[in-house]
Amino acid sequence: MRNLAIIAFLLMGLTSTPAGAATTSWRSLTPAQQEALAPLSQQWDSLPEQQQHRLLKTAKRYPNLTPEQKSRFRDRLEAWSKLTPEQRNAAREKYRAFSKVPAEHREQVKQMVRQNQEAKVRQSASGVPATPPPLQP
Amino acid sequence: MNTNTNLPNKNSRHIAPERIVQLLTRAAQQLDDNTVAALRQTRNVALQRQSLSKPVFALSTGHNIRWLLPHSTHQWMAAIILFVAILFGGVSYWQHAHENDLSHLDTAILTDDLPLEVFVD
């Protein structure tokens, strides 16, 4: 009976993931974590525990980033946290696939994206819509 | 009918072992060639079987797989606990590696010089 209890305990430990723990409040975060996750300070307490856990893992890498990377990280964090888990998974898959593209092709794609963005900025500045209006039937 | 013909002679108990060895040696020397050849062949076959059976048992347990199975309740419990511990260790390691991989990817996406919209539908 005692052995069965031990096995049951081990199985419980096996099945319990970090997702099973309680959420972490914003106040309980360290200053370094708060700095990295500052854009999420308002909605942090309402985020699901699993998302909090993953964001905390990601925030661990924040101190090692360059100032430019830190700026991008903070700018994108809120939009990233608002995505659904499926959208985030799809984005990871895209990024993983894109990382496997040869460097020169990757650079070409980046160049195209930059040109596209610049064109959008110019169009929005001049008041012309970025996409042409749909044709009338 | 005498039923005691197959039983050993009670007197044989009193024969000294040295005497038995001498008798057997003498008897062996008196064996004919055919008997000696048959005995030698039988011995060789027995030796071959012995030498074959050992490596088979060592490499794959074959029909002796039962030796690996626990025999008592305590052994079963120990085996189950060991299995659960190995499973737990494996799952934890995989989970840790997976989490690391995801956080690495997330950081890369959040800091890449390509905008987030490129990767998000």
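Protein chains in written order, with our numbering: chain A, 256 to 392; chain B, 9 to 129.
Where is the CB? At the ideal position from N, CA and C, for every residue including glycine.
Residue i at chain A interface by Cβ criterion, 9 Å
i: H112(B); result: yes
i: P25(B); result: no
i: P123(B); result: yes
i: F65(B); result: With a pLDDT of only 49 at F65(B), under the threshold of 50, the placement of this residue in the model should not be trusted; the figure read from the coordinates follows. No, its Cβ sits nowhere closer than 9 Å to a Cβ of chain A.
i: L77(B); result: no
i: N108(B); result: yes
i: A105(B); result: no
Residue-level contact to chain B via CB, residue i, 9 Å cutoff
i: Q363(A); result: no
i: T412(A); result: The question about residue 412(A) has no answer here: the residues shown for chain A are numbered 256 through 392.
i: T313(A); result: yes
i: L295(A); result: no
i: A376(A); result: The sequence shown places Val at residue 376(A), rather than the Ala named in the question. No, V376(A) does not count as interfacial toward chain B.
i: S393(A); result: Limits of chain A in this structure are 256 at one end and 392 at the other, which puts residue 393(A) out of reach.
i: Q307(A); result: no
i: R331(A); result: yes
i: R282(A); result: no
i: L320(A); result: yes
i: A346(A); result: yes
i: A334(A); result: yes
i: Q342(A); result: yes
Backbone secondary structure at residue i - three-state DSSP
i: S280(A); result: coil
i: T285(A); result: coil
i: P25(B); result: helix
i: L292(A); result: coil
i: Q363(A); result: helix
i: D40(B); result: coil
i: Q30(B); result: helix
i: D129(B); result: coil
i: Q297(A); result: coil
i: R316(A); result: coil
Neighbourhood of residue i by C-beta distance below 7 Å, restricted to the same chain and skipping five residues each side
i: R282(A); result: none
i: S280(A); result: D300
i: R48(B); result: none
i: T81(B); result: none
Contacting residues, own chain, Cβ-Cβ under 8 Å from residue i (five flanking each side not counted)
i: A277(A); result: E304
i: A358(A); result: none
Close beta carbons around residue i, own chain, < 6 Å, minus the five adjacent residues each side
i: A87(B); result: P78
i: W335(A); result: none
(request) Can you check the stretch 66-127 of chain B for any alpha helix (DSSP H) of at least 4 residues that lies completely inside it and give the ranges in chain order? (result) List check, alpha helix (DSSP H) in window: 81-119 and 124-127.
(request) Examine the Cβ distances between the stretch 104-113 of chain B and the stretch 330-337 of chain A and report whether three or more of them are shorter than 8 Å. (result) Note that the stretch 104-113 of chain B does not touch the stretch 330-337 of chain A; fewer than 3 beta-carbon pairs, one per stretch, sit closer than 8 Å.
(request) Could you tell me whether the stretch 362-378 of chain A touches the stretch 111-124 of chain B, using the rule of 3 or more Cβ pairs below 8 Å? (result) Between the stretch 362-378 of chain A and the stretch 111-124 of chain B, the count of C-beta pairs closer than 8 Å reaches three or more; the two stretches touch.
(request) Write down every uninterrupted run of the alpha helix (DSSP H) in the stretch 319-361 of chain A whose length is 4 residues or greater and which is fully enclosed by it, in chain order. (result) The alpha helix (DSSP H) runs of length 4 or more contained entirely in the stretch 319-361 of chain A are, from start to end of the chain, 322-337 and 340-354.
(message) Closer than 8 Å is the cut-off here; do at least three beta carbon pairs connect the stretch 312-321 of chain A with the stretch 286-296 of chain A?
(response) In this structure the stretch 312-321 of chain A touches the stretch 286-296 of chain A; the number of beta carbon pairs closer than 8 Å is three or more.
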